[in-house]
Amino acid sequence: MSQDGSDLDRLVAYRDTIAAVASIQTALWRGIDNADCFERLMEAQGRLMAVAGPGYRISFADLVRRLRHGGQGAFAGLMPEWADADVLGQLDGLDLDVEDVPVSDTGVGFDFLLEAENVLRIARKVEDTSPDGFTLAGWEREFSQETVFTAIKGRFYAHHRRNLIENPAVPCEELADLNLPETALGFYQEIGQDCRFQGWWWPCPVCQWPMRVAVGRTRLGRAAPGQVWCQYPFHTETGALYEFAADGKPGSAPMLHPVRPNEPVPASADARLWTGASATVPDALPVEGYKALVRSVWRCTTIPGLSELRLFTALSEELADCPDLAAELWRDGDRLDLNVARGQDREVLFGADFKDYTHLRWLLEKLHRDEGDRGGALWLVVPDHRAEQAEKLDPVCRQYGMQAALTATEYLARVRRFAKGESGE
Ligand SMILES: [Zn+2]
């Protein structure tokens, strides 16, 4: 083969094609915005054309279209016939013996194959499971979530996961103290541009992640008051919404003022489980010297994690008088988020999956797709502020043999009743 060429040419062609896709993966992994992704794509396009040789054209639009539909055969015919780029559509059927490649190339080639396979697998998953189909944002979300969970897997899983929840933003010099695996550390980046004001940023009083900042102008051209809010709507609704004077002395940290009083803790809810904003007004911190988790990891790990940790603490308190029962958090990695275990052999009594989805439709589709919970949880628990979701989820959970969908407070109450029975009260 080769252009007429050797197997090595063929491997290089495969590798470069896959490397082009892997470079987009890297861009996404770093949480780079769309503009940068497109730059990567253009780079990839250049690389592919270099492999294909003079006179062969790969159009940018065609490449994007194929990436968006990265399913079986989507890359067929992208490259000249001799380069057989259909490999991207059928990685598992790859007719290529990696062992035959010179040693220096083996590791690299193999990694590229694995990485590219991972990119495409996630792309297909997003395409199949998201109501909106494939989007770069959906891809990034899914990719960071999987990567971060893979990175923290193992003996210290719970410790690492707790670290990501409790430290979504940290001073750079303390980052190493978290002892997170290298890959997970990669999800800490500089404070986002849209969270800065003249070199300052503010942590949300609930989740500690950088709040969004907006500064406008009045009709007279003066600076209007700046606004600061948490990007998790429940935190904003309960009080994490502030204003500050945007025309203050340069160099001095602007002071925040709450826009409205904090939402009181609802009387019906168990106060221990309240994850709304407190009355503490955050102080400004310098942008220099801090790093924060990328948005998708904050949203998918930190935010639900705050509720999971509260619920775990409350469960442990409820079970204090029952020596035979123990509260469990993230049993077997992320198979069960919460549980009450009985006895030496840790019999599962209240295996629960905790879900904090903004859009009920996605969660319903997930339940149908998995025919209940994939980890075998019998209880689906949602945050208290999503009580209306629990009502709609409950019949679907029962349809798949689960016990119930409940709010965190209701789940805790069930456990409390059970524990009272067990302790003979
Ligand atoms: Zn927040």
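Note that my numbering numbers the sequence shown so that position 156 is 150, with each residue one more than the last.
Note that the Cβ used here is the ideal one computed from N, Cα and C, for glycine as well.
How should residue i be labelled, buried or exposed, when 16 other C-beta atoms within 10 angstroms of its C-beta is the threshold for buried?
i              : result
asparagine 333 : buried
aspartate 367  : buried
aspartate 347  : buried
glycine 415    : exposed
asparagine 161 : buried
glycine 299    : buried
glycine 40     : exposed
glutamine 225  : buried
glutamine 393  : exposed
threonine 401  : buried
cysteine 166   : exposed
tyrosine 405   : buried
aspartate 339  : exposed
proline 227    : exposed
aspartate 122  : exposed
leucine 214    : exposed
proline 248    : buried
histidine 379  : buried
histidine 154  : buried
alanine 208    : exposed
glutamine 264  : In the sequence as presented, glutamine is not what sits at residue 264; that position holds aspartate. So aspartate 264 ends up on the buried side.
arginine 135   : buried
glycine 186    : buried
threonine 403  : buried
proline 258    : exposed
proline 280    : exposed
proline 389    : exposed
glycine 132    : buried
glycine 101    : Confidence at glycine 101 is low in this model, with a pLDDT of 41, below 50, so the placement of that residue is unreliable and no value is reported for it.
alanine 413    : buried
For the alpha helix (DSSP H) holding residue i, just list the boundary residues, first then last.
i                 : result
leucine 357       : 354 to 364
glutamate 382     : 381 to 393
alanine 178       : 176 to 179
glutamate 167     : 166 to 169
glutamate 322     : Where glutamate 322 is concerned, there is no enclosing alpha helix (DSSP H), although the beta strand (DSSP E) it sits in stretches over 319 to 325.
phenylalanine 228 : 227 to 231
Less than 8 Å between the CB atoms is what I'm expecting for residue i and residue j, so what's the real figure, rounded?
i             : j              : result
arginine 304  : leucine 267    : 5 Å
valine 200    : alanine 271    : 5 Å
proline 377   : serine 301     : 5 Å
threonine 296 : isoleucine 159 : 5 Å
arginine 336  : leucine 319    : 6 Å
isoleucine 52 : alanine 44     : Wrong, their Cβ atoms sit about 10 Å apart, outside the cutoff.
glutamate 237 : proline 219    : 4 Å
alanine 239   : glutamine 202  : Going by Cβ atoms, the distance from alanine 239 to glutamine 202 rounds to 24 Å, so no, they are not a contact pair.
tyrosine 151  : leucine 169    : That pair is no contact at about 19 Å.
leucine 374   : alanine 407    : So it is not a contact: roughly 16 Å between Cβ atoms.
alanine 371   : glycine 345    : 5 Å
Could you pull the start and end residues of the beta strand (DSSP E) that residue i belongs to?
i                 : result
glutamate 237     : 235 to 238
phenylalanine 348 : 346 to 348
threonine 307     : Per DSSP, threonine 307 belongs to no beta strand (DSSP E); it is in the alpha helix (DSSP H), 297 to 312.
leucine 400       : 398 to 401
alanine 151       : Before going further, note that residue 151 is tyrosine rather than alanine in the sequence given. Segment 151 to 160 is the alpha helix (DSSP H) holding tyrosine 151; no beta strand (DSSP E) there.
glutamate 184     : 182 to 184
tryptophan 268    : Here tryptophan 268 belongs to no beta strand (DSSP E), and DSSP marks it neither H nor E.
tryptophan 203    : Run containing tryptophan 203: none; DSSP gives neither H nor E here.
aspartate 331     : 330 to 336
tyrosine 423      : Only positions -5 to 419 of the chain appear in the structure, and residue 423 is not among them; the question remains open.
glycine 220       : 220 to 223
leucine 374       : 373 to 376
Distance cutoff 8 Å, beta carbons only. Does residue i sit that close to anything in chain B?
i          : result
serine 272 : No chain B is part of this structure, which consists of one protein chain only.
Between the stretch 282 to 292 and the stretch 193 to 210, can you find at least three pairs of beta-carbon atoms closer than 8 Å? Counting Cβ pairs under 8 Å, three or more are found: they touch.
I want to know whether the stretch 243 to 261 touches the stretch 309 to 324 - three or more CB-CB distances under 8 Å. No, the stretch 243 to 261 is not in contact with the stretch 309 to 324.
Just jot down, in chain order, the residues whose CB lies closer than 5 Å to any heavy atom of ligand 1. Going by the Cβ distance cut-off, the answer is Cys198, Val200, Cys201, Cys224, Tyr226, His229.
Touch check for the stretch 175 to 189 and the stretch 137 to 153: three-plus C-beta pairs under 8 Å? Counting C-beta pairs closer than 8 Å gives three or more between the stretch 175 to 189 and the stretch 137 to 153, which meets the contact rule.
contact_flag[the stretch 313 to 322, the stretch 226 to 238] where n(CB pairs < 8 Å) is 3 or more: Touching, no.
Contact the stretch 323 to 331 vs the stretch 350 to 364: 3+ CB pairs below 8 Å: Using a C-beta cut-off of 8 Å, the stretch 323 to 331 makes no contact with the stretch 350 to 364, since fewer than three inter-stretch Cβ pairs fall below that distance.
Indicate whether the contact test is met: 3 or more Cβ pairs, each with one atom in the stretch 347 to 358 and one in the stretch 377 to 391, closer than 8 Å. Pairwise C-beta distances place the stretch 347 to 358 in contact with the stretch 377 to 391, as three or more of them are shorter than 8 Å.
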